[in-house]
Amino acid sequence: MSKSDVPIPKSQSDLDDMMRQKRSKSLFTIVMLCLAILVIFFCSLFVGYAQITPQDVIHIWMGDGSWQNTYIINQIRMPRVACAAVVGAGLAVAGMAMQALFKNPLASPSVLGISSGAAFGANLCIAFGIGAVFGSFSISVMAFICCFVTLLVVFAIATTRHGTPTILLLLAGVAVGSFFGGMTSFLQFFVDDADILQSMVYWAMGSFAKCDWLDFKVSLLIVGVGVLMIMLESKELNLITLGDEQAKALGVNIPRMRVIVLIADALIVGGCVSISGTIGFVGLIIPHVFRTLVGPDHRYLSIICVLAGAIFLMIMDVAARSFSTMDIPIGVLTSLLGAPFFVYIMRKKKNEIW
Amino acid sequence: MELTVNGLDFSYGSKETLRNVSFEAHQGEVLGILGENGCGKTTLLKCINAILKRDRGAILLSDYDPAMFSEKTLGRAEDGRIDVKDASTKEIARTMAVVSQSATINFPFTVLETVMMGRYSKGTTIGNASEDDRNLIFDCLRDAGALELVHRHVNELSGGELRRVMIARALVQSPSALLLDEPTLHLDVIHQIELMELVSELAKTRNILVLMVTHDMMLAARYCDKIIMMEKGKIIESGTTEEVLTAENLDKVFHVKCRVEKNPEIRGTNVIIIGKSDRDKK
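Residue numbers (the numbering used here), protein chains in the order written: chain A, 108 to 461; chain B, 1437 to 1718.
Here is the structure:
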């Protein structure tokens, strides 16, 4: 957008108008995304292997559908779509926060290697049954615990006498992440059983196929807390994009906000990874796309990312179910479909991306 | 507000950057800190602002506005003087504003949004800005010459434009002290003069304490009330501009031959740079 033809504001009310315009654009986007979520949620219910029409869905909701269809909708498709929405929302917001915190366009929720840590924990459980005391949740709990352990390790490595510099955090994250990546490959190398190996690989690709209502409730709680923590820090996230020193000079308590945002990130990544496996790309592209559309003000961008991330993964999950009779792992699809879409946006808006 | 720096030491690791720096600065005056590159001027500002943690010494604020500090901080004050290390980041931001030398902003915030961020420490956001706040923001944008930029994105500005935006943001903080690190760097001459006029006017009308790090001896001679000269982390001269800015001192610190004179056409003192110092020619 060229701004050279815009008149110089003559009074404070001109500035007010400017702010009002910007705000209404964000609010309009939020309303549209809310509507889109409802439509997509409804549509996603009648796509899939079992032929269920929109009329059937309405009958089921009225309580007079056939029991098979009721079961498929209420116990398989609805929880699955709901989980996709929670994971998408969480990852998009976490990615937005990481990009701001590290002032790095390449940052994603797993920038500190925490999803590699979580994947290692899950694989330990799949391969050797470590953590089996947690019963049917053992994989999720192990993923979640290892996610937090990784964050602690990264933070400890990066902390010096003078504090925790951002760049050291980033480097420590890369190092620890690739270490756990290597450990995971090592585990897979040592597993003889083909079934176990298959479930390890499948887990790494990400899927919502096994999600039920309990998964949804637990993840909604954990991811919800993380998202809320990030939203409460959105003013501070705005300021930190100016640079750590500037933000501090303007009054931001950086160590405090950084700990809050990183814990929120670990909650979100841990919560998401433990129900769906690792799903890449959502946290990277959704914040970028919507930052170019509505601007970087995190107070609105965080709400928009929640909605847009949810929509993105809901659509991807529908695609995963409808391309073939087999469920395609969603992590594969987000990369296959997401990457070209991202390239398209990047080329079209190349001046407005940072 | 008054600022007292007493026996300040600072080192980056093993590199001693500031040694036993002591001085006082008073409200309503522009204090220039002059010295060559690497003499510790910027480090001094960062210590005062508590961005860097000093090794030894005291940095005390007195005659401050108590409304800007919490009970807890006020309780730690001795003889009515608060050490900056006892104040929170937010309290420091309420009393001191900084315009730092370099800033790279990648995020496409508009200039207006960026300037509004200056109100963070006072609890104002775009959503809840009061009539007074919004008037203040408009006035500061106008004073800093940034009004014409409000629609632009900060990541697309030139160095000089960004500098004006940052000055507007510092003014929006309505600070008792303004710390400027090479404020005229990258600015067009007209904007340099406008900025310095604005700064010295603010010091007088709003009774602000201005600390200005610079290596521009001509602007310092015209607009600073007092001057501190630094070399290798130590203060070597301090006093009023007339006392400190002598041809002899400029030769000593900057290794240039100058003539210092009074000229009725310009305000303050006039420094004319003649050339390399005679001492270095040998």
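Each residue gets a CB set at the ideal place from its N, CA and C atoms; glycine is no exception.
Going by C-alpha distance, which of the options is nearest residue i?
i         : options                                    : result
A/Asn181  : A/Leu198, A/Val193, A/Phe149, A/Leu219     : A/Phe149
A/Leu335  : A/Ile370, A/Met312, A/Ala301               : A/Ile370
B/Met1666 : B/Leu1439, B/Leu1467, B/His1462, B/Ile1495 : B/Leu1467
B/Asn1442 : B/Ser1450, B/Thr1478, B/Leu1615, B/Cys1483 : B/Cys1483
B/Phe1543 : B/Arg1599, B/Asn1591, B/Ala1657            : B/Asn1591
B/Arg1695 : B/Met1654, B/His1587, B/Ile1672            : B/Met1654
A/Pro362  : A/Phe227, A/Val376, A/Leu344, A/Leu374     : A/Leu344
B/Leu1488 : B/Thr1479, B/Leu1496, B/Ile1495, B/Ala1494 : B/Thr1479
B/Asp1519 : B/Glu1701, B/Ala1533, B/Val1535, B/Ser1498 : B/Ser1498
A/Ile411  : A/Ala316, A/Ala191, A/Met203, A/Asn360     : A/Met203
A/Gly236  : A/Leu444, A/Leu134, A/Val298, A/Ile382     : A/Val298
B/Ala1533 : B/Glu1549, B/Thr1620, B/Ile1708, B/Gly1554 : B/Gly1554
B/Tyr1659 : B/Glu1673, B/Ser1458, B/Leu1634            : B/Leu1634
B/Leu1481 : B/Ile1469, B/Asp1491, B/Arg1492, B/Asn1473 : B/Ile1469
A/Gly416  : A/Ile392, A/Tyr407, A/Ile437               : A/Ile392
A/Ala226  : A/Met312, A/Arg130, A/Gly402               : A/Met312
A/His395  : A/Ala427, A/Asn360, A/Arg454, A/Leu278     : A/Arg454
A/Leu120  : B/Ala1639, B/Asp1491, B/Asp1575            : What sits at residue 120 of chain A in the sequence shown is Ser, not Leu. Of B/Ala1639, B/Asp1491, B/Asp1575, the residue nearest in Cα terms is B/Asp1575.
B/Val1649 : B/Arg1492, B/Glu1452, B/Asn1473            : B/Asn1473
A/Gly402  : A/Lys117, A/Gln128, A/Ser118, A/Asp123     : A/Gln128
B/His1691 : B/Arg1703, B/Ile1702, B/Asn1699, B/Arg1715 : B/Arg1715
B/Asp1617 : B/Val1457, B/Gly1464, B/Gly1471            : B/Gly1471
B/Arg1599 : B/Glu1697, B/Ser1636, B/Ser1566, B/Val1547 : B/Val1547
B/Asn1388 : A/Ser118, A/Lys342, A/Leu440               : Examination of residue 1388 of chain B is not possible in this model, given that chain B is present from 1437 through 1718 alone.
Report back the beta-carbon spacing between residue i and residue j to the nearest angstrom; my notes put them in contact at under 8 Å.
i         : j         : result
B/Leu1583 : A/Ile115  : 6 Å
A/Gly224  : A/Val389  : About 19 Å separates the two Cβ atoms, so there is no contact after all.
B/Lys1693 : B/Gly1711 : 5 Å
B/Met1437 : B/Leu1645 : 6 Å
B/Phe1446 : B/Leu1439 : That belief does not hold up - the Cβ atoms of B/Phe1446 and B/Leu1439 are roughly 16 Å apart, past 8 Å.
B/Thr1509 : A/Lys355  : Going by Cβ atoms, the distance from B/Thr1509 to A/Lys355 rounds to 17 Å, so no, they are not a contact pair.
A/Met249  : A/Ala265  : With 8 Å as the limit, A/Met249 and A/Ala265 do not qualify as a contact, their Cβ atoms being about 25 Å apart.
A/Ser151  : A/Val332  : With 8 Å as the limit, A/Ser151 and A/Val332 do not qualify as a contact, their Cβ atoms being about 26 Å apart.
A/Thr399  : A/Ser222  : Actually they are not in contact, since the Cβ atoms of A/Thr399 and A/Ser222 sit about 25 Å apart, beyond 8 Å.
B/Arg1476 : B/Gly1669 : Reading off the sequence, residue 1476 of chain B comes out as Gly, not Arg. Confirmed, about 4 Å.
A/Ser212  : A/Asp372  : Looking at the sequence shown, residue 212 of chain A is not Ser but Pro. Their Cβ separation, rounded to whole angstroms, is 17 Å, which puts A/Pro212 and A/Asp372 out of contact at 8 Å.
A/Gln206  : A/Ala214  : 5 Å
B/Thr1705 : B/Thr1676 : That belief does not hold up - the Cβ atoms of B/Thr1705 and B/Thr1676 are roughly 10 Å apart, past 8 Å.
A/Leu374  : A/Ile329  : 6 Å
B/Leu1623 : B/Leu1631 : 7 Å
Let's test the definition: count the other Cβ atoms within 10 Å of the Cβ of residue i and tell me whether it reaches 16, buried, or not, exposed.
i         : result
B/Asp1379 : Because chain B in this structure spans residues 1437 to 1718, residue 1379 of chain B falls outside the shown range and cannot be described.
B/Tyr1448 : exposed
B/Asp1569 : buried
A/Cys379  : buried
A/Phe397  : buried
A/Met169  : exposed
A/Asp404  : buried
B/Glu1527 : buried
B/Ser1431 : This structure does not reach residue 1431 of chain B, given that chain B is present from 1437 up to 1718, and the question cannot be answered.
A/Met139  : exposed
B/Asn1685 : buried
A/Gln158  : exposed
B/His1589 : buried
B/Val1551 : buried
B/Leu1607 : buried
B/Ile1573 : buried
A/Cys141  : exposed
A/Leu443  : exposed
A/Trp174  : exposed
B/Tyr1556 : buried
B/Gln1628 : buried
A/Met108  : Confidence at A/Met108 is low in this model, with a pLDDT of 42, below 50, so its placement is unreliable and the value that follows should be read with caution. The residue in question, A/Met108, is exposed, as its Cβ has fewer than 16 Cβ neighbours within 10 Å.
B/Ile1709 : exposed
Q. What are the complete beta strand (DSSP E) segments, minimum 3 residues, inside the stretch 1522-1557 of chain B?
A. If you keep only unbroken beta strand (DSSP E) runs of at least 3 residues inside the stretch 1522-1557 of chain B, you get 1532-1535.
**Q.** Stretch-stretch touch, CB-based, cutoff 8 Å, three pairs: the stretch 309-322 of chain A with the stretch 169-189 of chain A
**A.** yes
Q: Examine the Cβ distances between the stretch 1607-1618 of chain B and the stretch 146-164 of chain A and report whether three or more of them are shorter than 8 Å.
A: no
Q. Per the contact definition of three or more C-beta pairs closer than 8 Å, is the stretch 414-432 of chain A in contact with the stretch 254-263 of chain A?
A. The count of Cβ pairs closer than 8 Å, one atom from the stretch 254-263 of chain A and one from the stretch 414-432 of chain A, stays below three, leaving the stretches out of contact.
Q. For the stretch 349-365 of chain A against the stretch 1530-1550 of chain B, are there 3 or more C-beta pairs whose distance is under 8 Å?
A. yes
Q. Just checking, does the stretch 428-436 of chain A make contact with the stretch 239-256 of chain A on the three C-beta pairs under 8 Å criterion?
A. no
Q. Given 8 Å as the limit, is there contact between the stretch 1543-1556 of chain B and the stretch 1503-1521 of chain B, that is, 3 or more CB pairs closer than that?
A. no
**Q.** Within the stretch 1621-1665 of chain B, ranges of the alpha helix (DSSP H) (whole runs, at least 4 residues)
**A.** 1625-1641, 1653-1659
Q.
Just to confirm the assignment: which complete beta strand (DSSP E) runs, minimum length 3, are found wholly within the stretch 280-306 of chain A?
A. Listed in chain order, nothing qualifies, since the stretch 280-306 of chain A has no complete beta strand (DSSP E) run of 3 or more residues.
Q: Please specify which runs of the alpha helix (DSSP H), each continuous and at least 4 residues long, are wholly inside the stretch 146-221 of chain A, giving them in chain order.
A: 161-169, 174-178, 185-209
Q: Enumerate, from N- to C-terminal direction, the unbroken beta strand (DSSP E) stretches of 3 or more residues contained entirely within the stretch 1441-1474 of chain B.
A: Correct list: 1451-1461, 1466-1471.
Q. In chain order, which alpha helix (DSSP H) runs of at least 4 residues are fully inside the stretch 434-459 of chain A?
A. 437-455
Q | Inside the stretch 390-441 of chain A only - alpha helix (DSSP H) runs reaching at least 4 residues | A | For the stretch 390-441 of chain A, whole alpha helix (DSSP H) runs of length 4 or above, ordered along the chain, are 405-429.
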